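Student:
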Amino acid sequence: MISPNRRYRVFFAVVLAAIVVPVAAQLASGCSDITLLSGAGPIANSTLPVVIIGAEPSTIPGVLSEGLSELSGQINGVNLQLTTSIPASGPYITVQFASTTSAATGTQIKEFNTDGSFKRSTISINTGLVNQAACNGLCFDPNAAGYKAAVKSTVQHEVLHTLRLNDSNMANLMGPFLGKNNVNNANSNLSCVIQRGKDLTTPATPPPTC
Ligand SMILES: [Zn+2]
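Just so you know, we're using the working numbering here: the sequence shown kicks off at -14 and counts up by one.
Structure (structure tokens):
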């Protein structure tokens, strides 16, 4: 048991990796199987800084700002503000692009304060794996078509985990990554995912009007 007088901070982390499993059958259209993750997210209608660590790949300029602008203000009213420095206080997201030999295209680690409120998320995007054999063809290839769209969708996938949306098994950007640069599941179905997120984060019972 931790004494309340001690200045310990206990964090609980949840790791969610982008799914990189081969699926033979064509995915169903839509996004109705998306649910909300347990655990807190950013508070409604807040502005959440998104801090880029390092730089995005020079081959796909604007991929982060484009991806964030399409989501900003859409889910639970949370505004996403791209910046380059970690704020002195308050929650934030960091995004780092790196070239690794990992088969995962993106990961998100979410941390919470001792009172259960959202503290921050750490997002890593693996951008540069050219050796397709290392990931069975399920990864990014900067030299193949669809690279920027796939990276942008993966950034959005991980940010949406921070905003509490869960993975999907349908054809949308919360669904499985299928083939090099996601060419076998190129439909991000973003408008469907955003509407689903709005529906899930809207209270089931509206407040009284009088
Ligand atoms: Zn995921």
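From the three backbone atoms N, C-alpha and C, an ideal C-beta is built for every residue, glycine too. For clarity, every value in this text was computed on a predicted model and none was experimentally measured.
Terminal residues of the continuous alpha helix (DSSP H) containing Ala135?
Tutor: In the sequence shown, the residue the question calls residue 135 occupies position 150. Here the alpha helix (DSSP H) through Ala135 covers 132 to 147.
Student: Verify the CB distance criterion: does Leu49 have a CB-CB separation below 7 Å to chain C?
Tutor: Absent from the structure: chain C. Only one protein chain is present.
Student: Report the CB separation of Leu12 from Leu185 in whole angstroms; it is logged as a contact under 8 Å.
Tutor: Within the sequence shown, numbered from 1, the residue matching residue 12 stands at position 27. Within the sequence shown, numbered from 1, the residue matching residue 185 stands at position 200. Going by Cβ atoms, the distance from Leu12 to Leu185 rounds to 20 Å, so no, they are not a contact pair.
Student: Starting from Ser54 and walking both ways along the alpha helix (DSSP H), at which residues does that stretch end?
Tutor: The sequence position of residue 54 within the sequence shown is 69, counting from 1. Ser54 -> alpha helix (DSSP H) spans 48 to 56.
Student: Does at least one heavy atom of ligand 1 sit under 6 Å from the Cβ of Asp152?
Tutor: Residue 152 sits at position 167 when you count from the first residue of the sequence shown. Correct: Asp152 has its Cβ closer than 6 Å to ligand 1.
Student: Would Leu33 and Leu53 qualify as a contact pair, given that the criterion is a beta-carbon distance under 7 Å?
Tutor: As a working mapping, residue 33 is identified with position 48 in the sequence shown. As a working mapping, residue 53 is identified with position 68 in the sequence shown. Contact flag unset, no.
Student: Find the nearest neighbour of Gln59 within the set Ile28, Thr194, Ile179, judged by alpha-carbon distance.
Tutor: Taking the first residue of the sequence shown as position 1, residue 59 is located at position 74. With distances taken between Cα atoms, Gln59 lies closest to Ile179.
Student: Nearest CA to the CA of Ala129: which residue from Gly164, His142, Glu143?
Tutor: Taking the sequence shown and counting its residues from 1, one reaches residue 129 at position 144. It is Gly164.
Student: Assuming Lys165 is part of the beta strand (DSSP E), what are its boundary residues?
Tutor: In the sequence shown, the residue the question calls residue 165 occupies position 180. No beta strand (DSSP E) holds Lys165; DSSP gives it neither H nor E.
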